[in-house]
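Data first, discussion second: the structure below is written as C-alpha cells.
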Amino acid sequence: MPITLKCHKGIGPAVTGRALVAADNFSARYDLDRGKGVFSRSAHKLFGQSYVGQVLVLVTAKGGVASAWMLREMAARGMAPKAIVFDRTNTILAQGAAFAELTLVDRFEAGDPTKLIRTGDELEIEPDKGLVTILNRD
Amino acid sequence: MRLSDEENTMLAGEHGPARQWAIRHQIAVGEFFDAPDFVPVGQAHIMADTESLGEAGVAWLEGLAALPAPERRVRIPTITDPRGLDFASYKRLRQTQAMAAIEARAIAAFEALGVLMTNTCINYQTILPPVRGEHMAFGDTGVVIYCNSVMGARSNFEGGPSALAAGLTGRTPRYGYHLEQHRAGTMHFAVRHQPRDLADWGALGGIVGKAANSYWQVPVVSGLQGVPNSDALKHFGAALASFGSVALFHMPGVTAEATTLLDAFHGRAAPAAVPIGSQDFEDFYAAYAARGDKVDVVVFAAPQLSLFEMAQVAELLDGRRVNEATSLIVATSPEIKSAADRMGLTQRIEGAGGIVAAGVCFYQSYAREMAEANGWQRLLTNSAKLVNIIAGYGYKPTLAGMERCIDSAVAGRVL
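Top line first, the protein sequences correspond to chains Z and R.
Those letters in the first sequence? Residues 1 to 138, by my numbering.
Those letters in the second sequence? Residues 139 to 553, by my numbering.
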C-alpha cells in the first residue's frame with residue numbers, strides 16, 4: 001500500500017516523477033545555472049546536481065521575484081523540474097507555477113515533506129485532490 | 139473565489155484575451171492561497187528584466203502587445219523594475235548586441251501595453267509613494283517590504299506575470315499581506331549593536347532575514363536608537379527580503395503600523411526578544427571576508443542609489459582614480475541619473491573611472507555573462523542583498539562600507 005500524503009490543493013497538472021529532496025530553500029535566480037540545469041550556488045545542499053525533470057522537494061521559496069518568469073522560460077527550453085513540493089511556498093513560486101503551468105503543492109498535514117520524502121522516491125502528485133503518493137514505499 | 143459581475147465578464151472573455159488570461163491567472167493564484175475575493179489596487183510594478191523573461195517571455199509579451207489597443211492597455215498606473223540593460227552603458231560593460239536587441243523588443247511590447255517604463259526599484263523614493271492602507275501589486279521584494287513596512291501599504295510579492303495581470307484587471311486576489319490578520323508581528327529581535335552605515339543596515343537585514351527565513355514571518359525589531367533614514371531602511375528591507383523572503387517588518391516608533399511594541403504584535407504580549415549584538419555583525423561580515431584579494435569589480439546597486447548616495451560616491455571619489463585592474467559600477471534610476479547629470483555627480487564619478495548605469499540594478503543584467511566577458515570574480519559592494527544574490531552567478535562577493543569599497547577600488551584589492 002503506497003504512502004499517501006495530504007496537502008493543500010495545488011497548482012498545475014497531475015504528474016509522476018523521481019524526488020530530489022533537501023532541507024534547503026529555492027530560488028531560480030539565486031540557486032540555479034538555468035543554462036546547464038544544475039544547482040550552482042555552492043552553499044546549496046543540492047549544489048552541482050541536475051534538477052531537470054526531477055520533482056524538487058524543498059522547505060520554502062526564497063529570494064526575488066524573478067522565478068515567476070523563469071519557470072516558464074525553463075519549461076519552454078525543456079529544462080524545468082517536473083514539479084516542486086514545498087513545506088510552504090512564498091507567493092512568487094506559486095505565481096510562477098501558475099504562469100508556467102508547472103505542478104506545485106505545499107502545506108502538508110503530516111508536516112515538512114523534506115522529512116517525509118526521500119531522494120529517489122517515485123512520487124505521484126495530484127494538485128487538484130491535494131495528494132502526493134510515494135509509490136515505491138509502504 | 140467570489141467574483142463580481144465585471145470579473146465574471148473578464149473571465150468570459152468579454153474584455154479580450156489579455157484580460158481573460160490575467161483574471162484566470164489571478165484566480166489560480168488566489169485559490170491556491172484561499173483568497174475570498176479580489177481587491178482593487180492603486181499601482182502595479184513589474185519585474186521583467188530580459189534575463190528572466192528569456193525568449194519565451196518576450197515572445198509571450200509580444201503576443202499581448204499585438205492585440206487591439208482597447209484589449210491590451212493596462213487599467214491602472216503600471217510601472218517597471220530595473221531592466222536587463224542600459225543602452226547608454228551596455229557596451230562599456232561588455233554586454234552584447236543580442237542582449238540589446240531582446241531588451242528593445244521587451245520595451246516595445248511593454249509600451250504597447252501602456253506600461254510606464256520607470257525601470258526602478260526605488261519607486262517609493264522617486265515615482266509615487268503609496269499611502270498607508272493603499273493596496274498595491276508591487277514586484278521587487280525590496281519595494282514590497284519597504285512599502286508594506288515603512289509606509290503601511292498592502293502588497294504581496296507579485297512576480298512579473300502577476301503584476302502585469304493586476305495592471306490589466308486593476309485588482310489582485312485578497313490574500314497574504316492584503317489581510318489584517320497576516321500583518322501582526324510573529325518574531326521579536328532586540329538590536330544591541332547600532333548599525334553605523336548602509337552596509338551595517340543591510341547586514342542587520344541579513345541577520346534578521348536568515349533567522350526569519352519565511353515569507354509568512356513578520357519580524358519586529360526593537361532597540362534601535364534614533365530614527366533611520368529612507369536609505370537605511372531601504373538597505374535593511376532589501377536584505378531582509380532577500381535573505382528571508384520576508385515582506386513585512388515592524389520597528390516600533392518608526393514604521394507605519396507600529397507606534398508601540400504592543401501595536402507591532404496587534405495587542406498581544408511581545409515574545410522574548412532574540413538579541414543581535416556586535417558578534418552577530420562580525421560573523422555576518424566574516425562570511426564574505428577577503429582582505430588582500432584582488433578586487434575585480436566594485437558595485438553600488440541593489441537597491442538603486444538615491445541622490446544622496448550618488449553624492450556620497452562622487453564625494454569619496456573626488457581627486458582619486460579607480461585602479462586600472464578594477465571596474466566600479468554605480469546603478470541608479472533614470473530619474474536620479476537625470477538629476478545626477480544635471481548636478482555634475484555623474485561627471486565626477488565617471489571622471490574618476492567609474493561607470494554610472496541607469497535603469498538597471500547589476501544582478502538583473504546578465505551578471506554571469508558580464509563576469510565571463512570582463513573576467514570578473516571578486517566583487518565588492520556595500521549591498522548585503524547583492525552579496526546574497528550574486529554568488530549563484532559565479533562571483534565571490536565581499537561586503538564592506540561605501541568608504542572601504544571606494545578605497546579598495548582605488549587600491550585594486552580588498553582593504
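Note that CB positions come from ideal geometry on N, CA and C, so glycine has one too.
Contact annotation: the stretch 537-548 of chain R touches the stretch 333-340 of chain R, with at least three C-beta pairs closer than 8 Å. Residues of the stretch 76-87 of chain Z whose Cβ lies closer than 9 Å to any Cβ of chain R, in chain order: A76 and R77.
Judged by DSSP secondary structure, K523(R) falls outside any beta strand (DSSP E) and instead within the alpha helix (DSSP H) spanning A522 to I528. Neighbours of T234(R) in chain Z, taken as residues whose beta carbon is under 8 Å from its own, are absent, since the nearest beta carbon is some 15 Å off.
A straight-line Cα-Cα distance of about 6 Å links H388(R) and S287(R).
By the neighbour-count definition (other C-beta atoms within 10 Å, threshold 16), D224(R) is a buried residue. Look at N512(R): its C-beta is not under 8 Å from any C-beta on chain Z.
The DSSP-derived three-state label of M289(R) is coil. For the stretch 44-68 of chain Z, the set of residues with a beta-carbon nearer than 9 Å to any beta-carbon of chain R comprises H44, V59, T60, A61, K62, G63, G64, V65, A66, S67 and A68, in chain order. Per DSSP, the unbroken beta strand (DSSP E) holding D87(Z) starts and ends at A83 to R88.
V167(R) has a beta carbon lying within less than 8 Å of a beta carbon in chain Z.
Fewer than three Cβ pairs drawn from the stretch 512-525 of chain R and the stretch 5-19 of chain Z lie within less than 8 Å of each other, which leaves the two stretches out of contact. Contact between Q181(R) and T307(R) is ruled out by a C-beta separation of about 13 Å, above the 8 Å threshold. Within the same chain, and ignoring the five residues on either side of I161(R) in sequence, the residues whose Cβ sits closer than 7 Å to its Cβ are E145, M148, L149 and T307. 8 Å or more divides the Cβ of D421(R) from the Cβ of V552(R). Rounded to the nearest whole angstrom, the C-alpha separation of P127(Z) and G78(Z) is 21 Å. Here the alpha carbon of A166(R) sits roughly 18 Å from the alpha carbon of M70(Z). The three-state secondary structure of P441(R), taken from DSSP, is strand.
As far as DSSP is concerned, D128(Z) takes part in no beta bridge.
Residues of the stretch 440-457 of chain R that bring their beta carbon within less than 8 Å of a beta carbon in chain Z are absent altogether. For the stretch 424-440 of chain R, no residue has a beta-carbon sitting nearer than 7 Å to a beta-carbon of chain Z.
At a C-beta separation below 9 Å, G130(Z) has no neighbours in chain R, since its nearest C-beta there lies roughly 11 Å away.
Listed in chain order, the non-local C-beta contacts of S352(R) below 8 Å within the same chain comprise G382, S383 and V384, local neighbours out to five positions each way being set aside.
Beta-bridge partners of G271(R) (DSSP): none assigned. Beyond the five residues adjoining it in sequence on each side, I527(R) comes within less than 6 Å, by CB distance, of Y501 in the same chain, given in chain order.
Put simply, the CB of I161(R) is far from chain Z, with every gap to its CB atoms at 8 Å or more. At a cut-off of 8 Å between beta carbons, G37(Z) makes no contact with chain R. When the alpha-carbon of A110(Z) is set against those of M1(Z), P2(Z) and H8(Z), the nearest one is in H8(Z). The stretch 435-447 of chain R and the stretch 258-271 of chain R touch, with three or more beta-carbon pairs separated by less than 8 Å. Interface annotation for the stretch 87-115 of chain Z against chain R: R88, N90, T91, I92, A94, Q95, G96, A98 and F99, criterion Cβ-Cβ distance under 7 Å. Taken through DSSP and simplified to helix, strand or coil, R29(Z) comes out as helix. Residue-level contact check: E126(Z) does not touch chain R, since none of the beta carbons of chain R fall below 8 Å from its beta carbon. The beta-carbon of D24(Z) is placed no less than 8 Å from the nearest beta-carbon of chain R. V356(R) and Y284(R) have their C-alpha atoms spaced approximately 13 Å apart. Fully enclosed alpha helix (DSSP H) runs of no fewer than 4 residues occupy 399-402 of the stretch 369-415 of chain R, in order along the chain.
Against chain Z, the CB of T258(R) has no partner CB under 8 Å away; the residue lies outside that interface.
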